[in-house]
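What follows is one structure encoded as structure tokens, with my remarks underneath.
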């Protein structure tokens, strides 16, 4: 096992990794921007090093500075968390060149699965169903029009190196096609330095179901069940739950087996997530693979009792998986609500600022809060708006929802606006309660009726 690792991230995921390391007796090095000098992760780590100015491009995306910090502190490995450099194959390669272990898959796998168009080809070869779409990249305008006519509308334009909703456009008809293509391509080039595009048929309505994988260096690949991530806005998840409500046991087994086949085919190592779309008839299609830990990993930990971050550390240090597929026991139901510093009443506008008063929910079985907040802490305007994750677990879905309502009712965050009340109202929504909701529900239906109700209060 490693003696010291560097965490190339910030916020709640950095704190989460530090805590796992402490329990394993591993020393930690935090890196921080000038905006995060007093942040929780810098205070909890054994060492902390400033790696640049506030903007992410100058700090948390500055590979040279991060690697220099690792060398200076003699860290043996780097955990990238999620976001930032977590799926950057160049960074993984640079770590390898400097004899520093990158806690995640190797460069080749990140490249294979990070390139969405190439990943589709691999999944076809692995006998994993894929969404109907273009073969390879869209070469020019003629190619775009040709593929669109073959796939039929509505369709989705996607960046080959995309993620987080960037470089994506929904196209309803031919009139929208080329303006959407050029807009998405420009956005992809700016966000990822890669303007290559492909397109897929839109599966609508659809559930967004993802399967958590763990894989070691000895060829062992297992899954830890599925998560329903269909409640989302602008392709960003709002509430996640495990298990997925509307899946039958046969569907659950089929989708889990397909995810394992995907991991085995590409020789995957460490933690990763295979994402699928499931249509109303129950057919599922590969969408993409995230070659990192997910924001919503705690709900899988709640229903399986397996610490995914600790498994990541063990795998990266060369140990085999601590469990076999036959030993995984799924227990109860878990839900995660993402608490963001934003104002839902004003088009979810970001709300940075100083926390003047803080009371996080606590007490009782089946409640977990992952956060880096503390009273007087500063929410800077430079990074993601998520400030906390509230996770509840119950013997069934109804109990998990009841615990979540209790937890959110106790939470007090003053000094900034949050989506806490929005989440509370969403938990009471009839569609959410029934589990009968799809990826477009939040934007197409719930938000509009929620805003009307707020105006009438």
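Numbering (this note's numbering), first residue to last: 640 to 1096. Ideal placement from N, C-alpha and C gives every residue a C-beta, glycine not left out.
What residues are listed by DSSP as bridge partners for residue 909? 854
Separation of residue 669 from residue 919, as counted between CA atoms: 45 Å
How big is the Cα-Cα spacing for residue 944 and residue 874? 28 Å
Quick one: grab the DSSP three-state call for residue 904. helix
For residue 678, which three-state DSSP category applies? coil
Return the bridge partner residues of residue 989 from the DSSP annotation. 981
Quick check: residue 927 and residue 975, are their CB atoms within less than 7 Å of each other? no
With 16 other CB atoms within 10 Å as the buried threshold, where does residue 907 fall? buried
Would a C-beta distance cut-off of 7 Å place residue 1008 and residue 973 closer than the cut-off? no
In angstroms, rounded to a whole number, what distance separates the CA positions of residue 813 and residue 792? 8 Å
Hey, is the segment 949–964 in contact with the segment 987–1001, meaning 3+ C-beta pairs nearer than 8 Å? no
Would you please state the rounded distance, in angstroms, between the beta carbons of residue 930 and residue 753? I believe it to be under 8 Å. 6 Å
Exposed or buried, which one is residue 710 when buried takes at least 16 other CB atoms within 10 Å? exposed
Determine contact between the segment 1026–1037 and the segment 1078–1095, defined as no fewer than three beta-carbon pairs at a distance below 8 Å. no
When DSSP labels each residue in this structure, what does residue 831 get in the three-state scheme? helix
DSSP state of residue 778 mapped onto helix, strand, coil: coil
My assumption, with CB atoms under 8 Å, is that residue 804 sits in contact with residue 827. Please give the rounded CB distance. Not really, about 11 Å apart at Cβ, beyond 8 Å.
Of all the alpha helix (DSSP H) runs that stay within the bounds of the segment 722–753, which reach a length of 4 or more residues? 728–736, 746–753
Helix, strand or coil: which one does DSSP assign to residue 652? helix
Touching by the beta-carbon criterion (3+ pairs, under 8 Å), the segment 666–682 and the segment 1013–1020: yes
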